[in-house]
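For the sequence shown, the working numbering gives the first residue as 512, with consecutive numbering after it.
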Amino acid sequence: MIITQTPLRISFFGGGTDLQDFYRQEEGCVLSATIDKCIFAVVKRRFDTRIRVGYTRTEMVDRVEEVQHELVREALRLTGVERQIEINTMGDIPSEGSGLGSSSTVTVGLLNALYTHLGEPQTLEALAQRACEIEIERLGKPIGKQDQYIAAYGGMRFIRFLPDESVVAEKVDLPNGEQRRLNQQLVLFFTSITRRSETVLTEQKANTAGRMDLLRAMREMAYRGRAMLESGDFDAFGHLLHEGWELKKQMASNISNGVIDEIYATARRAGALGGKITGAGGGGFLLLYCPREKQYKLREALSPLPELGFHLEPDGTKVIFNYRR
512 MIITQTPLRI SFFGGGTDLQ DFYRQEEGCV LSATIDKCIF AVVKRRFDTR
562 IRVGYTRTEM VDRVEEVQHE LVREALRLTG VERQIEINTM GDIPSEGSGL
612 GSSSTVTVGL LNALYTHLGE PQTLEALAQR ACEIEIERLG KPIGKQDQYI
662 AAYGGMRFIR FLPDESVVAE KVDLPNGEQR RLNQQLVLFF TSITRRSETV
712 LTEQKANTAG RMDLLRAMRE MAYRGRAMLE SGDFDAFGHL LHEGWELKKQ
762 MASNISNGVI DEIYATARRA GALGGKITGA GGGGFLLLYC PREKQYKLRE
812 ALSPLPELGF HLEPDGTKVI FNYRR
């Protein structure tokens, strides 16, 4: 039995520049971090020859082609595991429409588990690359590459996407005390709205050619945000989140809506300096930067919304249990 633990993520700046339509023309970059909310993948050899997959439903099939869970099916195909296997995935939060990168987290964690099961452990780079292959090339999802790389590597990362398809995942090192101080100013609330990221990203991808200047400004914010973190200017970082959210909303018509706009305005009135929807937009989790002394007002103002307490997580995907007979 193999069990992997792979973190979810919060994204700060640069989303959209990790789409091929942008970085094939000029370098893209994002600033993201993993959190201590994870997805676990369990892989176990079966006595019989069948394939069993457990998630929000259970599948029992004879051939890989019959697996309905598309990420599991393509991970099996890619790794060459065709029979006699049992797979289960479970997460700390409901995965559908969270905006925390859950689909890529599942893919990276499952690949890590399957390759370990085969006795062929892969590098973090290889896991990220192959997760991109599954989601973008094989399944044709209109997504970028940031989620796969941050799930694989973990920590606070400044990730660059180069026109030749190479990716550089640079670690943003903050002293432990400074990282705790930043963490204390960041809060997550669930908007109680779920959506499929593809519905938002399909329009955003189609708009890329006409929004290049906007994307360049968002890329520049990733550089500025990194500099603010490294200098300890966290309140400026919070204000920059607000600027970034205002730009991001211009990328597609369904990134925000009246409900999200009202939640965000309420948060700002209560003391949040800035924030953003953590994923493609349209729902999921709302990340806010709010000074600690004002957070009681923020929680009071947003009391109808569930809050997700979290800590920044230094690790990426990892095997936490490996028992093979």
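Beta carbons: idealized from backbone N, C-alpha and C, even for Gly.
Bear in mind the structure is a predicted one, so any value in this text is a computation, not a measurement.
Is the CB-CB distance between residue i and residue j below 8 angstroms?
i	j	result
Leu-799	Ala-783	yes
Leu-819	Ile-604	yes
Phe-796	Phe-701	yes
Ala-781	Lys-805	yes
Asn-765	Glu-714	yes
Phe-751	Arg-735	The sequence given here places Leu at residue 751; Phe does not occur at that position. Yes, Cβ-Cβ distance for Leu-751 and Arg-735 is below 8 angstroms.
Gly-827	Pro-518	yes
Lys-656	Arg-668	no
Ala-637	Ala-552	no
Ala-586	Leu-621	yes
Thr-528	Arg-730	yes
Trp-756	Lys-716	no
Gly-610	Ala-747	no
Arg-520	Asp-658	yes
Ile-513	Asn-833	yes
Relative to the alpha-carbon of residue i, which residue among the options has its alpha-carbon at the smallest distance?
i	options	result
Gly-525	Ala-733, Gly-827, Leu-813	Ala-733
Lys-613	Glu-811, His-753, Thr-789	The displayed chain sequence assigns Ser, not Lys, to residue 613. Selected option, being the one with the closest Cα: Thr-789.
Arg-691	Tyr-664, Ala-680, Gly-651, Leu-740	Leu-740
Ile-562	Arg-735, Val-572, Glu-754	Val-572
Ser-703	Pro-817, Tyr-566, Glu-570	Pro-817
Gln-516	Cys-643, Gln-579, Tyr-664	Tyr-664
Thr-560	Arg-568, Ile-596, Leu-530	Ile-596
Arg-779	Ala-791, Ala-812, Glu-570	Ala-812
Val-541	Tyr-834, Ile-670, Gly-608	Ile-670
Phe-523	Ser-543, Gln-531, Gly-539	Ser-543
Gly-794	Asp-724, Ser-677, Val-770, Asn-599	Val-770
Arg-836	Val-564, Glu-537, Phe-558, Thr-569	Phe-558
Which same chain residues end up closer than 7 angstroms to residue i when comparing Cβ atoms and leaving out the 5 residues on each side of it in sequence?
i	result
Glu-581	Leu-650
Arg-584	Val-575, Val-578
Cys-643	Lys-656, Gln-659
For residue i, report the span of its alpha helix (DSSP H) as first-last.
i	result
Val-572	Premise fails: Val-572 lies in the beta strand (DSSP E), 569-572, not in any alpha helix (DSSP H).
Cys-540	Counting along the chain, Cys-540 falls outside any alpha helix (DSSP H), though it belongs to the beta strand (DSSP E) covering 539-556.
Ile-661	657-664
Tyr-775	769-780
Gly-794	First-last for Gly-794: undefined, no H or E at that position.
Who are the near neighbours of residue i in its chain, counting only those whose CB is closer than 6 angstroms to its CB and skipping five residues on each side?
i	result
Val-830	Thr-515, Thr-627
Val-679	Arg-671
Where do the ends of the beta strand (DSSP E) carrying residue i lie?
i	result
Leu-693	Element bounds for Leu-693: not the beta strand (DSSP E) but the alpha helix (DSSP H), 687-696.
Ser-614	From DSSP, Ser-614 is part of no beta strand (DSSP E) but of the alpha helix (DSSP H) over 613-628.
Thr-515	513-524
So, at 8 angstroms on beta carbons, what are the nonlocal neighbours of residue i in its own chain, with the 5 sequence-adjacent residues on each side left out?
i	result
Leu-685	Met-667, Leu-693, Leu-740, Glu-741
Given 8 angstroms as the limit, is there contact between the region 821-830 and the region 533-547, that is, 3 or more CB pairs closer than that? With three or more CB-CB distances shorter than 8 angstroms, the region 821-830 counts as touching the region 533-547.
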